[in-house]
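As structure tokens, the structure follows; a few thoughts come after it.
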Amino acid sequence: MLATKVFGPMSEWPNDGGLSARHIRAACDASLRRLQTDHIDLYQMHHVDRAAPWDEIWPAMETLVQQGKVLYVGSSNFAGWHIAQANEAAKARHFLGLVSEQSLYNLASRTVELEVLPACRAYGLGVIPWSPLAGGMLGGMSGGGDTARRKSVQPRYERVRPQLERWEKLCAELGEEPATVALAWLLHQPGVTGPIIGPRTAEQLEGASLRAVDLALDETTLATLDEIFPGPGGRAPEAYAW
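Laid out in structure tokens, this is it:
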């Protein structure tokens, strides 16, 4: 599957960024040229554009689908209510709407459990977590490994050292690499399609990443992970109301 995004400014001109109809179509054509292909499987809005109404966004996306340049449309970094608003607007136009949401989601960042994940499940969207290892922090901070990565996340590591020490101890008891357990945990979450992984070597891909697909975490382990990295308390509004 070939996926790309639209939103970021391509020049200093105000209409050369965001989700204006002009930018959506121009950015798609530019992506097709750069990728040397005739279509994009998943065209994702990289961020919500509060200045662009859905009555402008959806016709532009519909045109790209009708032209065969785009097969499906997805979102990234949307709030739960943005997903609902987008898909209700698409429904009124008899258009498929969003099919996926790409969100920051990992053991250390679980805010999306409040409203984004429930919204995705309600509308049938696939969830594609980005930064599944929290920028490398959940990939194992003690012992050997990537020295450059350890240095880059050292400040964050110091703030949550007790959590990470418990985390790495649990992974050692399981006999699994921390990265493998972090990815496997995501795959155990309802609605998650698959995290975005970034292996730099074939060894990393064949090791932690592919192993996570087959790793089954039992209820005791999942409960322990919730103790080490507590989430927001469930979905909204139950997480914060009576």
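Numbering-wise (the working numbering), the sequence shown opens with residue 926 and increments by one. Here a beta-carbon is modelled for each residue, glycine too, at the ideal position from N, C-alpha and C.
Inset, instruction - Please check the pair PRO1155 and ALA1164, which I expect to be a contact at CB under 8 Å, by giving their CB distance rounded to whole angstroms. - result: No, PRO1155 and ALA1164 are not in contact; Cβ-Cβ is about 11 Å, not under 8 Å.
Inset, instruction - Would you check if there are 3 or more beta carbon pairs closer than 8 Å linking the region 1087-1095 to the region 1114-1133? - result: Counting Cβ pairs under 8 Å, fewer than three are found: no touch.
Legend entry - Where LYS1016 sits in the DSSP three-state scheme: helix
Legend entry - Beta-carbon proximity list for ASN940, same chain, < 8 Å, skipping 5 on both sides: ARG947 and HIS948
Inset, instruction - Check whether the Cβ atoms of THR1118 and GLY1051 sit closer than 8 Å, and answer yes or no. - result: Yes, these two residues count as a Cβ contact at 8 Å.
Inset, instruction - Could you tell me whether the Cβ atoms of LEU1058 and HIS1113 are closer together than 8 Å? - result: No; because the gap between Cβ atoms is not below 8 Å, this pair is not in contact.
Legend entry - Sequence-distant residues of the same chain with beta carbon closer than 7 Å to PRO934, five excluded per side: The answer, listed in chain order, is ASP941 and GLY942.
Inset, instruction - Under 7 Å Cβ to Cβ from TRP938, same chain only, skipping five residues before and after it: list those, please. - result: none
Inset, instruction - Count the CB pairs spanning the region 984-997 and the region 952-968 that are closer than 8 Å, and state whether there are at least three. - result: Contact between the region 984-997 and the region 952-968 is established, with three or more Cβ pairs separated by less than 8 Å.
Legend entry - ILE1121, buried or exposed, once every other Cβ within 10 Å from all chains shown has been counted against 16: By the neighbour-count rule (16 or more Cβ atoms within 10 Å), ILE1121 is not buried but exposed.
Inset, instruction - Would you mind listing the beta strand (DSSP E) stretches within the region 1018-1062 that are 3+ residues and don't spill past its ends, in chain order? - result: 1023-1029 and 1051-1055, all fully within the region 1018-1062.
Inset, instruction - For ALA1161, name the three-state secondary structure that DSSP assigns. - result: coil
Inset, instruction - Over the uninterrupted beta strand (DSSP E) stretch that includes ALA1104, give me the two end residues. - result: Premise fails: ALA1104 lies in the alpha helix (DSSP H), 1103-1112, not in any beta strand (DSSP E).
Inset, instruction - Would you grab the beta carbon distance between GLY1022 and ASN1012 for me? Rounded to a whole angstrom, and I think it's under 8 Å. - result: 4 Å
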